[in-house]
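Chains as they are written, first to last, in this note's numbering: chain A, 736 to 975; chain B, 736 to 975.
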């Protein structure tokens with residue numbers, strides 16, 4: 736009875752940070768043609784919850800598991816899977832390639848270094864790609880990626896972000912660069928530092944970087960209690 | 736060809752404010768049994784966009800149109816339509832009552848006085864009901880209502896709210912009461928006024944209330960430019 740539901744799929748936008756730029760996890764469906772790159776996604780099973788499906792599909796295609804996926808929303812353009820290149824690919828893997836499929840998108844933020852993708856199932860390659868370098872994806876995945884970026888930008892206004900994208904110990908420059916990468920604009924360094932200090936979400940360690948070719952920087956860690964509080968209640972700067 | 740898609744529905748959470756409490760638009764499917772109350776919702780057509788479907792369904796069931804509906808997300812518990820009372824009702828109106836249906840939920844904020852619902856189609860009654868008085872709804876609509884309330888609470892942290900829920904001219908007390916109703920908690924009056932003034936989203940009019948049994952209060956209107964700017968960019972209090 737637990738068959739694939741031909742009408743509903745899930746797609747995952749998993750963001751990772753490499754200290755320089757924001758990356759996203761993509762799969763290649765088996766060609767060098769870049770139009771074949773896609774977000775990891777597939778149909779749900781008939782008796783499966785949407786959240787469960789997202790977790791399962793991500794692991795099946797990329798080997799990545801144990802991450803928190805948050806729903807972004809549903810995407811249901813009637814023509815979203817009707818491009819010829821997508822139809823050809825669907826014919827090779829689905830029993831009802833012409834069926835209208837609504838997809839439910841999820842997103843996540845992870846420490847890139849901890850998640851090395853391993854392609855399996857119909858994914859021939861699974862890899863981290865710089866978000867900025869992506870100009871073409873299968874189906875409506877470019878639109879989904881864009882919505883995920885917007886969600887991230889909104890989130891950063893009301894919640895602290897970084898804990899899931901940085902190592903336990905990090906420098907202020909790394910945190911600064913992360914915010915710039917998410918907001919896609921340069922941020923004044925002094926201003927940024929002042930605001931972060933004011934939020935009280937990081938604490939300095941009695942430790943500096945080691946093995947770097949420049950003057951080692953002070954290391955920080957997140958102030959867990961304050962960070963979790965702000966994650967839960969939000970910055971709530973308006974004060975209500 | 737344009738048939739109903741038996742697998743996907745849309746549901747609308749339309750909030751209205753009556754100067755006292757937050758209300759939501761519900762339909763009654765034709766019984767005095769309160770468990771028959773539901774959010775206005777129905778299946779989408781095969782070739783219809785999700786947003787279009789939400790607009791159409793809301794108008795078909797309640798007569799309410801020309802409002803901006805924003806997607807909250809998809810709800811897909813495999814058992815969401817399997818309660819006996821819901822199944823009985825579905826059997827009376829759908830060709831595939833047992834099919835698994837994923838619903839995509841939308842929400843909106845409107846001036847209650849401008850929108851008098853008129854029930855039609857399978858809705859026997861369409862009416863505004865105080866959100867606080869709702870303890871039972873069809874399907875998973877209570878969960879959807881709760882998600883819509885959460886979305887509203889999040890939104891109020893990053894964007895000004897009220898323009899769509901208040902008349903053109905309003906008092907500070909009315910705005911204060913609106914924020915209390917949305918946040919579901921009392922807010923200190925002086926603190927609230929100070930913060931609203933600081934945001935610079937309202938301007939005093941050379942006019943006071945008339946025909947009220949108490950000392951008439953100063954009337955205000957929204958500062959349209961500032962309001963729209965903050966709606967677009969958000970409070971952005973963190974300063975990025």
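A virtual CB, placed ideally from N, CA and C, is assigned to each residue, including glycine.
For residue i, the residue or residues it bridges with in DSSP
i, result
"residue 915 of chain A", "According to DSSP, which records beta bridges pairwise, residue 915 of chain A is partnered with nothing at all."
"residue 746 of chain B", "B:776 and B:840"
"residue 862 of chain A", "A:761"
"residue 808 of chain A", "A:840"
"residue 751 of chain B", "B:758 and B:845"
"residue 905 of chain A", "A:955"
Three-state secondary structure assigned by DSSP to residue i
i, result
"residue 935 of chain A", "coil"
"residue 942 of chain A", "strand"
"residue 769 of chain B", "Here the model assigns residue 769 of chain B a pLDDT of 48, short of 50, so the residue's position is not dependable and the matter cannot be decided."
"residue 892 of chain B", "helix"
"residue 827 of chain A", "helix"
"residue 740 of chain A", "strand"
"residue 785 of chain B", "helix"
"residue 874 of chain A", "coil"
"residue 957 of chain B", "strand"
"residue 851 of chain B", "coil"
"residue 885 of chain A", "helix"
"residue 950 of chain B", "coil"
"residue 900 of chain A", "coil"
"residue 962 of chain B", "helix"
"residue 820 of chain A", "helix"
"residue 920 of chain B", "coil"
"residue 879 of chain B", "helix"
"residue 800 of chain A", "coil"
"residue 910 of chain B", "helix"
Nearest candidate by alpha-carbon position, reference residue i, set the options
i, options, result
"residue 796 of chain A", "A:896, A:749 and A:924", "A:749"
"residue 894 of chain A", "A:965, A:851 and A:838", "A:965"
"residue 907 of chain B", "B:789, B:831, B:955 and B:951", "B:955"
"residue 824 of chain A", "A:967, A:873, A:852 and A:799", "A:873"
"residue 828 of chain A", "A:935, A:741, A:916 and A:898", "A:741"
"residue 831 of chain A", "A:839, A:843, A:817 and A:762", "A:817"
"residue 898 of chain A", "A:863, A:921 and A:843", "A:843"
"residue 928 of chain B", "B:919, B:911, B:920 and B:942", "B:911"
"residue 837 of chain A", "A:814, A:756, A:865 and A:918", "A:814"
"residue 941 of chain A", "A:933, A:947 and A:951", "A:951"
"residue 758 of chain A", "A:868, A:801 and A:853", "A:868"
"residue 859 of chain B", "B:870, B:944 and B:763", "B:763"
"residue 963 of chain B", "B:737, B:945 and B:896", "B:896"
"residue 771 of chain B", "B:922, B:871 and B:790", "B:871"
"residue 857 of chain B", "B:934, B:790, B:794 and B:737", "B:794"
"residue 915 of chain A", "A:944, A:934, A:884 and A:904", "A:884"
Sub-7 angstroms separation of residue i and residue j beta-carbons
i, j, result
"residue 776 of chain A", "residue 746 of chain A", "yes"
"residue 804 of chain B", "residue 780 of chain B", "no"
"residue 880 of chain A", "residue 752 of chain A", "no"
"residue 877 of chain A", "residue 917 of chain A", "no"
"residue 785 of chain A", "residue 811 of chain B", "yes"
"residue 754 of chain B", "residue 953 of chain B", "no"
"residue 961 of chain A", "residue 865 of chain A", "no"
Whole-number beta carbon distance between residue j and residue i, since they are thought to touch under 8 angstroms
i, j, result
"residue 861 of chain A", "residue 806 of chain B", "Wrong, their Cβ atoms sit about 29 angstroms apart, outside the cutoff."
"residue 967 of chain B", "residue 901 of chain B", "Actually they are not in contact, since the Cβ atoms of residue 967 of chain B and residue 901 of chain B sit about 20 angstroms apart, beyond 8 angstroms."
"residue 799 of chain B", "residue 850 of chain B", "5 angstroms"
"residue 774 of chain A", "residue 761 of chain A", "6 angstroms"
"residue 958 of chain B", "residue 937 of chain B", "6 angstroms"
"residue 744 of chain B", "residue 778 of chain B", "5 angstroms"
| When you check each C-beta in the region 795–814 of chain B against every C-beta of chain D, which residues fall closer than 7 angstroms? | This model lacks chain D altogether, as its protein chains are A and B.
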